[in-house]
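To start, the structure under review is shown below, and the notes come after it.
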């Protein structure tokens, strides 16, 4: 196995020598071609993914569209070219006491990247997902360790990517796929001296383990593990008074979306006690009772969900609001519980994510308790605020302070559903991710795989085109402190 | 001591609540005021620094100017405001199958930052240096652990910064200074849960230790250690044929600048054997013999230099070119040695930095050996190329590949002297730094202390001004994929 991995990493390093200097149009062609190949798989892909995940085929129609949109977004980003953040400071020969040199900097790719996909999104967050796409866009070769929960889907999509690499005349080492259920393979890859970075989506234990392996290396490398969170939602009174039925519907749908297997699943709802909250709680329980139960991604996840729910039901102060008896024990039905703020604050285990269609309502005695609960959270992918304009104005300072621990702050909507755009942050302070300074979704995800290099007094012919006076790509650059698309 | 540190960190956290939302003009005023206070210290500061470092007073006149230039550069950067990288994607209510939400992101400060300054630049890279300046600019409070090698200089400059903080009406916790020679204090600070990031300039062992402490925390935090390197210089034949005397002068000066105590000191010179190289070598030895010897920063550094030189003189194949007998054993005189490429490649210890006025010339049999030597280096702050246009054109591919391990590539100049500008990269892959994705000098140094946050469907009054439709600051933003300074 070691020999095989060595050969794979060597191929990736060799491919890097070619790929890192490939121009944006070549990478755009590659990403567009991958999208085309994935679309070409059509029903075969949806069916395979559905069989391996217990999720409906229509879900994969949507996920394929999202994945291909993402591929094309990054294709357009690198074809346009300004993402390299070119900065030019021209020389000043007459400066005293020393001449000012000509300095030009831009971002360059790091090297081979290893990607570990997520089980819950076998397309958008796995083999052909955001990590692979953003790394290829940056000019880094990718080695995917296929997820053992969807090996056939992973292989199908990997073959599509390899076909696109080949069709674009790029070296095979630009993209490689390893299928293994061995934990050691992951460790060997992360600790391989030829690997320059790692992307992971999954559990806290898995993501943190990979991070620690990378820190034990002689040369530490960045590991971007997106590990999920409980995504607290704060519900203010007037919003519940005005629109309890709408919010109950929205959150029942958000809690059960994808059988609760979204990393942005709203696992905790927080509010000050009121009759409006009681009303909302009843309506939410009713809405949950109307949802169908489905099988989870695989037996291990189902078992963890069942165990997690059973355990929490016995925690001090937990009151069951909705917990249907499911006749088919293979199906996961939603569970809603309630707890007082005091019991919640005393029990840190209630802050841990239960992966599945589960949520806790935390009832606070007053605004001070709400504040204390809200500020007690460790790093989160999202925080959501449900409130009327009056609610939000009244609590402006409190809400503002929640950006301390979240990557995204959602107003009057569900946290589930992560838009793929230039403004996306799908990240957040630890333990939501291992590095809250980056996003794993949206165009800035490319910034995880690069570093800046500065050329000082370089002859023009040695400069990357992005830094040449003529600006042949017409990209945006910062020239002597001012943004411009012009040549020098 | 623990109680004292807890109180200091608590003050920093409290100050963060105010400081993180302070606007750019307030931070500019602070940074300008610090510069004014430092300038106001005048000769008193230069004299103190000179006494504590054995470096001449005129050096601190220059270093004060550099430090104040740096403070004002960051002041201007944050007053202008575009550095927050605002990105706006407006909503599309009609998008199918789901509406597109309004998403707006920008960079926000991380929290209290601990700074460990360098002994070799008690102003520009220490208490009032680039780490402190860039962190304050970003909106992060700073706790400096003063360097034990220049305690009085550190205290003087810390008092100047505190006076500026106070004059600007900001909380005292925005800047705090701890003077302690205890190693434990550093560890406690880095592992304190209230600390969000660390800046360090110094040795590999010190920088890596702090990095490891930070990784052992329950919540890992970024540590930016700039640890120096040997800064290889490749000399091509025609350049030596044409200008051997000029290059000998330039490198004699670069090797001995600040008694060789620059992290960009050219510790290794590489060339293919030629009579031109022999000529250059003799001239360089001559130039070194004409330089005066000076005392190093402190006795510990002097002892390490002496030991390092003594050790390397006994390594296999090392030939002494210049090694004066210094009558005063407290003075450090320059040392130049020579070794064959083969002996160099066989002995990894020759790649380690000897901090002081020392350099090795590596003589290669041919171009292939030169390539092998050049590519054998671990991460470096800089690589320098000395060559005529013909030399560079002939070796274009080889030179291009050197960006694999360097943060800055210098053409026909000395690596010593790091320009403070928007295009600066003072960084490089490990072991030059613990994180080659960032720079510790130049305006992008601010990016070490921030993370992105996204506001989704936020009411306008909850958005930071940088993200509001009206764009009251007139900053550059990326709006629906296009750069613009306009309001929405």
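Chains as they are written, first to last, in the numbering used here: chain A, 2 to 489; chain B, 2 to 489.
For each residue, glycine too, the CB sits at the ideal point set by N, CA and C.
None of these values were measured; they are calculated from a predicted model.
Close Cβ partners of residue i (< 7 angstroms) along its chain, the five nearest in sequence each way excluded
i                     : result
residue 187 (chain A) : 117, 146, 211
residue 469 (chain A) : 461
residue 374 (chain B) : 271, 342, 345, 346, 363, 365
residue 184 (chain A) : none
residue 166 (chain A) : 31, 173, 175, 176
residue 258 (chain A) : 417
residue 42 (chain B)  : 157, 161
residue 56 (chain B)  : 259
Bounding residues of the beta strand (DSSP E) (the contiguous stretch that carries residue i)
i                     : result
residue 280 (chain A) : That residue, residue 280 (chain A), is in no beta strand (DSSP E); its alpha helix (DSSP H) goes 276-291.
residue 490 (chain B) : Summary: the structure shown does not reach residue 490 (chain B), with chain B confined to residues 2 through 489, and so no result is reported for it.
residue 381 (chain B) : 381-387
residue 156 (chain B) : Where residue 156 (chain B) is concerned, there is no enclosing beta strand (DSSP E), although the alpha helix (DSSP H) it sits in stretches over 152-168.
residue 176 (chain B) : 176-179
For residue i: DSSP bridge partner residues
i                     : result
residue 312 (chain A) : Paired residues: none, contrary to the question.
residue 10 (chain A)  : Per DSSP, none; premise fails for residue 10 (chain A).
residue 296 (chain A) : A:332
residue 485 (chain A) : A:478
residue 456 (chain B) : A:410, B:105
residue 89 (chain A)  : A:105, A:480
residue 114 (chain B) : B:143, B:198
residue 451 (chain B) : B:110
residue 417 (chain A) : Answer by DSSP bridge pairing: none, since residue 417 (chain A) is not bridged.
residue 434 (chain B) : B:227
Delimiting residues of the alpha helix (DSSP H) encompassing residue i
i                     : result
residue 192 (chain B) : 184-192
residue 214 (chain B) : 205-217
residue 51 (chain A)  : 25-54
residue 79 (chain B)  : 58-81
residue 394 (chain B) : 390-395
Contact set for residue i: own chain, Cβ-Cβ below 8 angstroms, skip 5 residues either direction
i                     : result
residue 317 (chain A) : 344, 347, 348
residue 452 (chain A) : 108, 109, 111
residue 73 (chain A)  : 32, 33, 36
residue 25 (chain B)  : 79, 80, 81, 82, 474
residue 192 (chain A) : 214, 215, 217, 218
Contacts around residue i, its chain only, beta-carbon distance under 6 angstroms, and the 5 residues preceding and following it disregarded
i                     : result
residue 159 (chain A) : 128, 178
residue 336 (chain B) : 310, 324, 359
residue 203 (chain B) : 119
residue 433 (chain A) : 230, 380, 381, 382
residue 21 (chain B)  : 110, 140
residue 331 (chain A) : 296
To test your reading of the DSSP string, which unbroken alpha helix (DSSP H) runs of 4 or more residues are found completely within the stretch 220-276 of chain B? Within the stretch 220-276 of chain B, the complete alpha helix (DSSP H) segments of 4 residues or longer fall at 238-257, listed in chain order.
Please name the residues in the stretch 206-229 of chain B whose beta-carbon is closer than 8 angstroms to at least one beta-carbon of chain A, in chain order. Against chain A - using a Cβ distance shorter than 8 angstroms - the residues of the stretch 206-229 of chain B are 212, 213, 216, 220, 221, 223.
Could you please tell me which residues of the stretch 170-200 of chain B, in chain order, have their CB closer than 8 angstroms to any CB of chain A? Using a CB distance below 8 angstroms, no part of the stretch 170-200 of chain B faces chain A.
Using a Cβ cut-off of 9 angstroms, which residues of the stretch 435-455 of chain A contact any Cβ in chain B, in chain order? So the list reads 435, 436, 437, 438, 439, 440, 443, 444, 445, 448, 449, 451, 452, 453, 454, 455, given in the order they occur along the chain.
Of all the residues that make up the stretch 8-25 of chain B, which are near chain A by a beta-carbon distance shorter than 7 angstroms? The residues in question: there are none.
Pull out every residue of the stretch 86-110 of chain B whose Cβ sits closer than 8 angstroms to any Cβ of chain A, in chain order. Under the 8 angstroms Cβ criterion, the stretch 86-110 of chain B contributes 88, 89, 90, 98, 99, 101, 102, 104, 105, 106, 109.
Whole alpha helix (DSSP H) elements within the stretch 303-384 of chain A, 4-residue minimum: Counting only runs of 4 or more, we get 342-347, 368-375.
Members of the stretch 351-379 of chain B that neighbour chain A once the beta carbon cut-off is set at 8 angstroms: The residues in question are 379.
If the cut-off is 8 angstroms on Cβ atoms, which residues from the stretch 460-478 of chain B count as contacting chain A, listed in chain order? Residues 460, 462, 463, 477.
Identify each residue in the stretch 410-433 of chain A for which the Cβ-Cβ distance to at least one residue of chain B is less than 8 angstroms, and report them in chain order. Residues 410, 411, 412, 413, 414, 418, 420, 422, 423, 424, 425, 426, 428, 430, 431, 432.
Give, in chain order, every residue of the stretch 389-410 of chain B whose Cβ lies closer than 9 angstroms to some Cβ of chain A. Against chain A - using a Cβ distance shorter than 9 angstroms - the residues of the stretch 389-410 of chain B are 390, 393, 394, 397, 400, 401, 402, 404, 405, 407, 408, 409, 410.
Residues of the stretch 45-77 of chain B whose Cβ lies closer than 7 angstroms to any Cβ of chain A, in chain order: Within the stretch 45-77 of chain B, contact with chain A at the beta-carbon level (separation under 7 angstroms) is assigned to no residue.
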